[in-house]
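Let me begin by presenting the structure, written as structure tokens, before commenting on it.
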Amino acid sequence: MLNRRQLLQSMATLPLLASCNLAVQGGSRNYTPSGLPLRRVDVSDDRVIRTIAGLRPYRSKGFNVSAERMNDKVVIHNYGHGGGGITLSWGTSHLAMELATQTQHRRCAVLGAGAAGLSAARLMQNAGWDVTIYSKDLSPNTTSNVAGGQWSPTSVYSEDSVSPAFHDQFESAMRHAYRYYQNLVGPKYGVRWISNYMVLNQPEADDSLSATYQDMYPQRMRLSPSEHPFDAEHVLHIDTMLIEPAVYLPAMMNDFQIAGGDIVIKEFRDRGEVLQLDEPVIINCTGLGSRQLFNDNDLIPIKGQLTFLLPQEEVDYIIIGNGGLYMFPRSDGILLGGTYERNQWDPTPDPEATRRIIDGHRAFFNAMEDPWA
Ligand SMILES: Cc1cc2nc3c(=O)[nH]c(=O)nc-3n(C[C@H](O)[C@H](O)[C@H](O)COP(=O)(O)OP(=O)(O)OC[C@H]3O[C@@H](n4cnc5c(N)ncnc54)[C@H](O)[C@@H]3O)c2cc1C
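Per the numbering used here: the sequence shown = residues 22 to 394.
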């Protein structure tokens, strides 16, 4: 005979059975739309395993994907993705690849080995080009490794600074990226579909990303307080992909090398050094490095800080917008974010921000209903 606790535990591992609401107080509000149990994150100081910070490469005008002739080279820019560079990488790299393949060449240098550089390099290889990556750092020492990895291009531009042409580019990049990532779902690349709960102070704005591009945010539904276990008035559910950088980036680098690509560790100090490269086409994916290399003063850092707790396998949903905070459950830990500090160049984590992040999440999850806890 199972006691009540054992019965509930076994149900938590049998989501389809559990979604029939057998004996679980709270009913369907304790399950994601796919039937997975919504378990509370256990937030306490003694579960903290690391705190990190990184600098988002942000341009209020949005990312720069464009081609320029410099001396005898064609330089194709692909940088400035703000808080959405993991998401958009395949999309902007697709646009960069389209520019590169308009030239007569078949050989290129890719500068940078973050999400943008690796996707650009793979797409150029797929187009039949010889590709060499030049980068001062590789995974795990890139900003892309710091990213949370939710598929959603947030904090990428400021609405009042962008042109209609950029909007078209943005949507095109988003659509390509949405499609490319779906081919990578599975353990090899660390990509999976996951329920997101957006916890809002007021009903979602009509011009939010998920409202504007509803076809790229499946299972989008407004939940009433009786349909979710959180202590919140306005909750929106969507499905997105979660990309785990610690799995995804090494897998991409491996694919690049298996396909015959070379990687050269090199730091460029200025544009002149870049133009000494042998390759006729140069795809610039240096993220924030482009500010100095190509004198782009529109590019600024937005610092973001994350604290990780011990992994909890039973937690399989994302929380966004809990007073600016967010939680992503990853295999390398429960990620608690976050901060957005414009023009902050110092990537050292700030203990006060850590405290705010931990306390905010603890209050949120303590107030969450978890019938199995
Ligand atoms: C806290 C945080 C959370 C985030 N969460 C998300 C998220 O959930 N989803 C999402 O889509 N995005 C997220 N982002 C944003 C994302 O991390 C960035 O947009 C993305 O990493 C940018 O990728 P990149 O390849 O352009 O730049 P990087 O990853 O910075 O790569 C740049 C590369 O260029 C090289 N380089 C730079 N300068 C030089 C030089 N002078 N010479 C040679 N090499 C050089 C670097 O070594 C590196 O290899 C987050 C960012 C932060 C900080």
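By construction, the Cβ of each residue, glycine as well, lies at the ideal position given by its N, Cα and C atoms.
- Counting C-beta atoms within 10 angstroms of its own C-beta, Ala280 has fewer than 16 neighbours from the protein chains shown and is therefore classed as exposed.
- Distances from the CA of Asn305 to each of Tyr52, Phe84, Val62, Arg50 were compared; the closest alpha carbon is that of Phe84.
- For Trp172, the number of other beta carbons within 10 angstroms of its own is at least 16, and it is reported as buried.
- Pairing Leu263 with Arg213 gives a Cβ-Cβ distance under 8 Å.
- Taking 7 Å as the cut-off, one finds at least one heavy atom of ligand 1 near enough to the beta carbon of His102.
- With a threshold of 7 Å, the Cβ atom of Glu300 does not count as near ligand 1, since no heavy atom of the ligand is closer than that.
- A contact between stretches requires three or more CB pairs, one per stretch, nearer than 8 Å, and the segment 322–330 fails this requirement with the segment 110–117.
- Rounded to whole angstroms, the gap between the alpha carbons of Leu76 and Gly135 is 13 Å.
- The residue from Glu248, Ala137, Arg127, Arg290 with its alpha-carbon nearest to that of Leu159 is Ala137.
- The bridge partners DSSP lists for Tyr338 are Ser216.
- For Ala253, the CB contacts under 6 Å within the same chain, skipping 5 residues up- and downstream, are Val220 in chain order.
- Remark: the C-beta of Ala267 is outside contact range of ligand 1, defined as less than 7 Å to any heavy atom.
- Residue pairing from DSSP places Gly354 in a beta bridge opposite Arg351.
- When secondary structure is reduced to three states using DSSP, Val285 falls in the strand class.
- For Arg377, the CB stays at least 7 Å from every heavy atom of ligand 1.
- A contact between stretches requires three or more CB pairs, one per stretch, nearer than 8 Å, and the segment 186–206 fails this requirement with the segment 294–308.
- Only residues of its own chain outside the window of five on either side were considered, and among them Leu59, Ser216, Tyr338 have a CB closer than 7 Å to the CB of Thr53, listed in chain order.
- The beta carbon of Met274 sits closer than 8 Å to the beta carbons of Ala134, Leu139, Leu159, Ser160, Ile284 from its chain, once the five residues preceding and following it are set aside; these are given in chain order.
- Around the beta carbon of Lys94, a 10 Å sphere encloses 16 or more other beta carbons of the protein chains shown; the residue is thus reported as buried.
- Taking the CA atoms as reference points, Tyr100 sits about 7 Å from Val86.
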